[in-house]
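Undergrad:
Residue numbers (our numbering): -19 to 590.
1. Per the DSSP calculation, residue 498 is bridged to which residue(s)?
2. How many whole angstroms separate the CB atoms of residue 2 and residue -14, which I take to be in contact at a CB cut-off of 8 Å?
3. Would you mind working out which of 143, 113, 120, 98 sits nearest residue 92, comparing C-alpha positions?
4. According to DSSP, what are the bridge partners of residue 470?
5. Could you tell me if residue 440 is buried or exposed, where buried requires 16 or more neighbouring beta carbons within 10 angstroms of its beta carbon?
6. Select from 23, 589, 10 the residue whose C-alpha is nearest the C-alpha of residue 297.
7. Looking at C-alpha atoms only, which residue of 351, 148, 131 is the closest neighbour of residue 187?
8. Using 8 Å as the cut-off, can you tell me whether the segment 477 to 491 makes contact with the segment 527 to 546, which would need three or more C-beta pairs spanning the two stretches below that distance?
9. Pop quiz: residue 189 and residue 245 are said to be a contact at Cβ under 8 Å. What is the actual Cβ separation, rounded to whole angstroms?
10. Using only the alpha-carbon positions, how far apart do residue 603 and residue 520 sit?
11. Among 477, 360, 370, 14, which residue has its Cα nearest to the Cα of residue 417?
12. Is the beta carbon of residue 260 less than 7 Å from the beta carbon of residue 291?
13. For residue 576, I'd like the list of residues in its chain whose CB is within less than 7 Å of its CB, leaving aside the five on either flank, ordered along the chain.
14. Using the Cβ count rule (16 or more neighbours within 10 Å means buried), how would you classify residue 103?
15. In chain order, what residues of the same chain have a beta carbon less than 6 Å from the beta carbon of residue 197, not counting five sequence neighbours either side?
16. Tell me the rounded alpha-carbon separation between residue 182 and residue 138.
17. Determine the contact status of residue 321 and residue 358, defining contact as a CB-CB distance below 7 Å.
18. What do you get for residue 79, buried or exposed, if any count of 16 or more other CB atoms within 10 angstroms of its CB means buried?
19. Using the Cα positions of residue 59 and residue 264, report the straight-line distance between them to the nearest angstrom.
20. Among 360, 425, 514, whose alpha-carbon lies nearest the alpha-carbon of residue 374?
21. Output the boundary residues of the alpha helix (DSSP H) element that contains residue 37.
22. Would you check if there are 3 or more beta carbon pairs closer than 8 Å linking the segment 376 to 389 to the segment 416 to 430?
23. Any idea which residues DSSP pairs residue 157 with across the strands?
24. Under the three-state reduction of DSSP, which class applies to residue 260: helix, strand or coil?
25. Using the C-alpha atoms, what's the distance from residue 451 back to residue 123?
26. Who does residue 189 pair with in a DSSP beta bridge?
27. How about residue 574 and residue 282: are their beta carbons less than 7 Å apart?
28. Along the chain, where does the beta strand (DSSP E) that runs through residue 574 open and close?
29. Assuming residue 473 and residue 555 are in contact, meaning their beta carbons sit under 8 Å apart, how far apart are those beta carbons, in whole angstroms?
30. Inspect the beta-carbon positions of residue 8 and residue 127 and report whether they are closer than 7 Å.
31. Specify, as a first and last residue, the run of the alpha helix (DSSP H) that residue 544 falls within.
32. From which residue to which residue does the alpha helix (DSSP H) around residue 48 run?
33. Between residue 229 and residue 235, what straight-line distance do the alpha-carbon atoms span, to the nearest angstrom?
34. Give me the residue from 396, 317, 353 with the minimum Cα distance to residue 608.
35. Would you call the CB atoms of residue 211 and residue 225 closer than 7 Å?
36. Pull the bridge partners of residue 167 from the DSSP assignment, please.
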């Protein structure tokens, strides 16, 4: 079904039992987020909050909360869009299979944005303080828009195909913002909107922007979709919505006609204000930093407007489903975007950017030991293009060693790598470089390191499946098996890098006296039992809390010229460091209140069983 509005999509989901209407009054300050998290974690329905305290507008969350529901929303258009994206990567496919791709050439044409005056979003105007001011975590700096579509154009242009549509979080209240007149814009200058910002800084023209919320379900998805070169976000939204994206300009501002809300304004070129903190997708707060400010001109809304939001936190969350849909759509483009790469997986449980798994390919070189060669070139390509540049740990394996190797089967992938990798040879560091601004494990804001772990060749070890019998050095109290070949160790808190260096020298020396060849990876944790409880805990605690250049150690380590390696187990120091951002912890009083809502006889008692 091709939806023309968010309300139409919500009605369809309610009719088919995939949405629950919550008529009980709910507070947008922490309470709605706590309800959302519980329902999302249980793979529950979409939620329509009809009585948001302090706002005349209803609010919708968990729209894309399950993979099946997300596919359902785009059921009539997704197969054709998949064909269009596939043809972008392999144009000759239409000659090989003309009947299969017969509709694809017309899909992009029919998806082109369309200038139209009729705009339901211009039904009325409101103020920022009348919107559902959703705050998700106790220490958030204020209320945020979490699913915005931010639209900008270059200076002097109204060419819609030159527009940039991005999803950058928007702070609506709190900090030093003048409520109803200013909102915070969290974006970096290397993003598409940042390119426009730089261009406006060189011009005298005001930097106009429009923040769109809601609209047909494809609109939000399109704002985060990594699209092939030459395919605009608005065209993609039109194809996925099943009709051309209608828009026009009002007072110099772009208007998305079918959006539920459009906040128009001008981004100040000469003003930055503190934005944040904000509970982010790594499972920690991103802290206060200076970011651009938009002066609000108008807040337009539809007659049937619904405020669309999500809650961000330790993955998996609702936004994790976007990652699965993106893989469905662009997976076939990997060979053309990254020659030699067969599979890539940005691991959601680790916060997406900290850990990237990849399956590459090596050509057979006779009469030589099989060592990583071409996969190193492929790894550098991944770290030099698009969103994969944000990877902190890139683990890449040669697919010819295992034709069925799947980067999305994380336990099997780790076993494959740990059976083969040689720490004395296969570690490749980038130090004093940039990293994701939301990752506070580095040496400074947006500063840290990267490591490539490249694996090729036959099995060199059997992985241990039981906790080995070893004597732990003083202070280290708990040793746990995470999975074959991986041990977690805890007991000594991290107090500083100088102290850690001494601790690790003693630990490495002690471990060198034991037979640990079957345990190539040891991870220092705050709580070894928690990390070993499941793969999700291991991935989250390990890769969000380590900076490769500072936190990788090893048993029997050595330097050879500029190369570092070890002949015994690799040790990752994933203990919490003093400079790390605090983890996200729900407000206990709000949790108690929501507990009562879900109890038998409470207003939400049947929601989790819907």
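The beta carbon of each residue, even a glycine, is placed where N, CA and C say it ideally should be. Quantities reported herein were computed from a predicted structural model and do not represent experimental measurements.
TA: Reading it off the structure:
1. Answer is none; residue 498 lacks a bridge partner.
2. Not quite, the Cβ-Cβ distance comes to about 16 Å (not below 8 Å), so this is no contact.
3. 143
4. 458
5. exposed
6. 23
7. Residue 187 has its Cα closest to that of 131, out of 351, 148, 131.
8. yes
9. 6 Å
10. Residue coverage of the chain in this structure runs from -19 to 590, which leaves residue 603 outside it and unanswerable.
11. 370
12. If you check the CB distance, residue 260 and residue 291 do not come in under 7 Å.
13. 582
14. With fewer than 16 Cβ atoms within 10 Å of its Cβ, residue 103 is classed as exposed.
15. The residues are -11, 53.
16. In a straight line, the C-alpha of residue 182 is about 18 Å away from that of residue 138.
17. With respect to the 7 Å criterion, residue 321 and residue 358 are classified as neighbours on the basis of their beta carbons.
18. Because residue 79 sits at a pLDDT of 49, beneath the cut-off of 50, its placement in the model cannot be relied upon, and the following sentence gives the value as read from the coordinates. It is exposed - the Cβ of residue 79 has fewer than 16 other Cβ atoms within 10 Å.
19. 36 Å
20. 360
21. Boundaries for residue 37: no alpha helix (DSSP H) harbours it, and the DSSP string shows neither H nor E there.
22. In this structure the segment 376 to 389 does not touch the segment 416 to 430; the number of beta carbon pairs closer than 8 Å is below three.
23. Residue 157 pairs with nothing; no bridge assigned.
24. coil
25. 51 Å
26. 245
27. no
28. From DSSP, residue 574 is part of no beta strand (DSSP E) but of the alpha helix (DSSP H) over 568 to 578.
29. 7 Å
30. no
31. Note, residue 544: premise wrong, no alpha helix (DSSP H); beta strand (DSSP E) at 543 to 546.
32. 47 to 53
33. Taking C-alpha positions only, residue 229 is separated from residue 235 by approximately 6 Å.
34. Since the first and last residues shown for the chain are -19 and 590, residue 608 lies out of range.
35. no
36. BP columns for residue 167 are empty, so no partner.
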